[in-house]
Amino acid sequence: MPSHPSTRRADSLYWFFTWLAVAGHLSRAFDPPASLALGLYQLVLLGSYALLFIAPLWLLGQLGSRLHRGLGLTLSVLLAGLLQLLIYADGLLWQLYGFHLNGFVWNILTTPGGIAALGSSESTQSGFALIAAALLLGQALLRLLASALARWQPRLPAPRWLWVLPLFLLATLGERVSYGVSHFYGYSPLLETAQRMPFYQPLTMRRFLEQQLGLQRPQRLELENVALKGQLKYPQAPLRLTRPDKPLNLVWLVAESWRADSLNPRVMPQTDAFAARALRFDSHFSGGNGTRIGMFSQFYGLPANLWFSVLDARIGSPLIDVLQQQDYQMRLFTSAKFSYPEFDKTLFVKVPPAQMQSYDRGPSWQRDRKNVDDLLQFIDQRDRAKPFMTFMFFESPHANYDFPPESVIEPDYLPDFSYASMDLERDIDGIYKRYLNAVHHLDGQIARVVDHLEQRGLLDDTLIVITGDHGEEFMDNGRWGHNSTFVDAQLRVPLVLWVPGREAQRTKLRTSHVDLLPTLLPLLGVNNPAHDYSIGQSLFSPSSPRLLVAGDWDRLAFLGERHKVVLPFTSGSFTALQASRADDRRLANAASVLQQALPQIRSELQGFRRFLAH
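Taking the UniProt record's numbering, the leading residue of the sequence shown gets 1, the next gets one more, and so forth.
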């Protein structure tokens, strides 16, 4: 039965209001345009993508109405509310981390332990529940408004959707061409505007503009085959072992989100005092801006774009192979999950589950204390006729930065940490103070391990590694947290090494997580040259100048003495390349810096390819 004209008018008005609401919601991620032309592009982008997002919802609502009028109404409100919630979540990701919902976020949602790794609190969960309810209520009110207008103002003209398709196609074509031309000439203001749109699909026109129109690009800054694909050949040669007469024990302590400048006498007095007795590296960089690649670089000495090959092939760390071949007793502890990131399928894939303890109940500081209790018990109950290795991953410095009352050194901290309600500009000082309190608690837990080893007379027989997986930014360069950029705040971490027989030394030369295996494996009996299993070098003789490498889910950053260059795995186009000063300040002449840096980057990438079979 055909619907009543007022009902059709109400439907049209509802979807028109929804289109405006979605476009307005999307606009929250955009900065005010710098020019009239850029403002027009922004309007076209918002209007066309808002229509693109609601089109399938409109279709589902129409199909539901054919079955039952009430079903169609319910679907149209519910689906539009869920779309608004998705846009809100994406906008929050963009505000905090500078990326949209993507494969990395999907990995968090679908991997066991991924959501827990975010460190959300009860107030975060209740806050998001209220936001979801408000967005659904907002869509219901739009439906009521449309119905009321259709009944009370029957002569009110409804939107003429007959014109929507040609206008949409025309707007989309203009937006596509604008992006393609801007991409060709490297016009970054428009390109950066487009990147703010979730699920944006870029269109490039290089071949057409060059071959058909005879145009030439002003810069030819391109890098081919950045993605490393192929069968992994790692290590490059079987590891040759000579078992030491007196094998050294190994204690490996890693703290989540531990930034370099927090290792100081005020925040971490006990760890700072121990570092003065050991080898301390003041300019040490993680191999990644997140846990996955930060840990990968420690235990493999490889660049980020080989993570997926290692995961697919289920290749464990050569460190674990060496220890198992020499019959080390082993016990690994984490206050998070070994399944997220997928360390049970990579770093520790060959470690029996009985030797891996994942304790993730309660506040993170309580988990850390419980795991340290069990770690010390393992040391005391071990077979003293065999060497041992133990690993601990501390979680308390991770957001939401948990700590007990006795660890408070910054009393004016943010009392309730909620992702749903926090305002970074308003709250960042209080958030940072939470972090310092959490790191102060970490100091005591690291000291418990070191003091226990010393009291048991084990320091002369034990290698100790104390470091972080990556850093943590507190709006130092416009972001909070990690996993978003390659600024020093997200990459630099403390590194303290205790090597029996070596005098205390403080090193300011730039070093990297990829240097850990070339330093430690020879001490454990490996005779191979470092280039068989790592892109790093021994920390006992760091060189300078050198080009360090860091990465994340889909990008590599090359960290030089004067500049940083960032590029994605999947594209080497002009617009994808980014450059900054080594101290993270913006560059006025980024193009010339990129031109100078690319030959060395090409050489580095060629070196990475040796780990793939040809």
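For every residue, glycine included, the Cβ atom is placed at its ideal position computed from N, Cα and C.
With residue i as the anchor, note down where its beta strand (DSSP E) starts and where it stops.
{"i": "SER283", "result": "279–285"}
{"i": "VAL566", "result": "563–568"}
{"i": "ASN437", "result": "Looking at the DSSP string, ASN437 is not in any beta strand (DSSP E); the run it does join, the alpha helix (DSSP H), is 424–455."}
{"i": "VAL496", "result": "495–498"}
{"i": "ALA489", "result": "Per DSSP, ALA489 belongs to no beta strand (DSSP E); it is in the alpha helix (DSSP H), 488–491."}
{"i": "GLN357", "result": "356–358"}
{"i": "ALA557", "result": "555–559"}
{"i": "SER418", "result": "Note, SER418: premise wrong, no beta strand (DSSP E); not H, not E."}
{"i": "ARG581", "result": "578–581"}
{"i": "THR467", "result": "462–468"}
If you follow the alpha helix (DSSP H) that residue i is in, where does it begin and where does it stop?
{"i": "VAL310", "result": "307–313"}
{"i": "ARG69", "result": "69–97"}
{"i": "SER603", "result": "590–608"}
{"i": "THR291", "result": "291–300"}
{"i": "THR271", "result": "269–275"}
In whole angstroms, give me the CA-to-CA distance for residue i and residue j.
{"i": "PRO363", "j": "ALA255", "result": "16 Å"}
{"i": "ARG176", "j": "LEU203", "result": "6 Å"}
{"i": "TYR413", "j": "ARG502", "result": "40 Å"}
{"i": "ALA597", "j": "SER262", "result": "32 Å"}
{"i": "TYR14", "j": "GLU192", "result": "32 Å"}
{"i": "LEU79", "j": "TYR88", "result": "14 Å"}
{"i": "HIS183", "j": "PHE99", "result": "20 Å"}
{"i": "TRP94", "j": "TRP307", "result": "25 Å"}
{"i": "SER543", "j": "VAL526", "result": "22 Å"}
{"i": "ILE131", "j": "ILE315", "result": "43 Å"}
{"i": "ARG259", "j": "ALA194", "result": "32 Å"}
{"i": "LEU85", "j": "ALA420", "result": "12 Å"}
{"i": "ALA582", "j": "ALA129", "result": "42 Å"}
{"i": "PRO387", "j": "HIS531", "result": "27 Å"}
{"i": "ASP11", "j": "TRP152", "result": "15 Å"}
{"i": "LEU547", "j": "HIS398", "result": "29 Å"}
{"i": "PRO500", "j": "GLY560", "result": "32 Å"}
{"i": "PHE343", "j": "GLY468", "result": "16 Å"}
{"i": "LEU213", "j": "GLY174", "result": "18 Å"}
{"i": "LEU43", "j": "THR172", "result": "11 Å"}
{"i": "LEU517", "j": "GLN606", "result": "21 Å"}
Given a cut-off of 8 Å on the beta-carbon distance, is the pair residue i and residue j in contact?
{"i": "ARG369", "j": "GLN445", "result": "yes"}
{"i": "VAL267", "j": "LEU453", "result": "no"}
{"i": "PHE403", "j": "ALA438", "result": "yes"}
{"i": "GLY81", "j": "LEU71", "result": "no"}
{"i": "ARG292", "j": "PRO341", "result": "yes"}
{"i": "ALA21", "j": "LEU142", "result": "yes"}
{"i": "THR462", "j": "PHE281", "result": "no"}
{"i": "ASP515", "j": "SER538", "result": "yes"}
{"i": "GLY287", "j": "VAL565", "result": "no"}
{"i": "LEU239", "j": "GLN505", "result": "no"}
{"i": "LEU523", "j": "LEU248", "result": "yes"}
{"i": "ALA29", "j": "ALA50", "result": "no"}
{"i": "LEU40", "j": "SER27", "result": "no"}
{"i": "GLN211", "j": "ARG610", "result": "no"}
{"i": "PHE540", "j": "THR511", "result": "no"}
{"i": "LEU101", "j": "PRO198", "result": "yes"}
{"i": "PHE53", "j": "LEU73", "result": "no"}
{"i": "PHE208", "j": "SER48", "result": "no"}
Can you name, in chain order, every residue of its own chain whose Cβ lies under 6 Å from the Cβ of residue i, other than the five neighbours on each side?
{"i": "ALA275", "result": "VAL496"}
{"i": "PRO2", "result": "Reliability fails at PRO2, whose pLDDT of 47 lies under 50, so the model's placement of it is uncertain and no value is given."}
{"i": "ARG331", "result": "GLN355, PHE378 and THR390"}
Tell me which residues share the same chain as residue i and place their Cβ nearer than 7 Å to its Cβ, disregarding the 5 neighbours each side in the sequence.
{"i": "VAL487", "result": "GLU473, ASP476, ASN477 and ASP584"}
{"i": "GLU395", "result": "GLU256, SER335, ALA336, SER364, ARG367 and ASP368"}
{"i": "PHE299", "result": "SER317, LEU319 and LEU347"}
{"i": "GLN231", "result": "LEU612 and ALA613"}
{"i": "PRO189", "result": "ALA34 and LEU38"}
{"i": "LEU60", "result": "LEU75 and LEU79"}
{"i": "GLY430", "result": "ASP412, TYR413 and LEU414"}
{"i": "TRP19", "result": "ALA50, LEU51 and ILE54"}
If I measure Cβ to Cβ from residue i and keep anything under 8 Å in the same chain, skipping five residues before and after, which residues do I get?
{"i": "GLN357", "result": "ARG331, LEU332, PHE333, THR334, ASN371 and ASP374"}
{"i": "VAL593", "result": "HIS563, VAL565, ALA579 and LEU587"}
{"i": "MET205", "result": "VAL177, GLY180, VAL181, HIS183 and PHE184"}
Output yes if chain B places a C-beta closer than 8 Å to the C-beta of residue i; else output no.
{"i": "LEU577", "result": "Any reference to chain B falls outside this structure, which holds one protein chain only."}
Starting from the N-terminal side, write out each stretch of the alpha helix (DSSP H) that is 4 residues or longer and does not extend beyond the segment 508–537. Segments of the alpha helix (DSSP H) lying fully in the segment 508–537: 516–520.
- [ ] Go through the segment 364–415 residue by residue and report every complete run of the beta strand (DSSP E) that reaches 3 residues or more, in order.
- [x] Runs found: 388–394.
| query | Unbroken alpha helix (DSSP H) runs of length 4 or more, entirely within the segment 232–262: which are they? | reply | Taking only runs of at least 4 residues, no alpha helix (DSSP H) segment lies wholly in the segment 232–262.
*Ordered list of beta strand (DSSP E) runs contained in the segment 317–352, each at least 3 residues*: For the segment 317–352, whole beta strand (DSSP E) runs of length 3 or above, ordered along the chain, are 329–334.
Open item on the list: Threshold first: 4 residues or longer. Then list the alpha helix (DSSP H) segments lying entirely within the segment 4–68, N to C.
Closed with: Entirely contained in the segment 4–68, the alpha helix (DSSP H) runs reaching 4 residues are, in chain order, 5–26 and 36–67.
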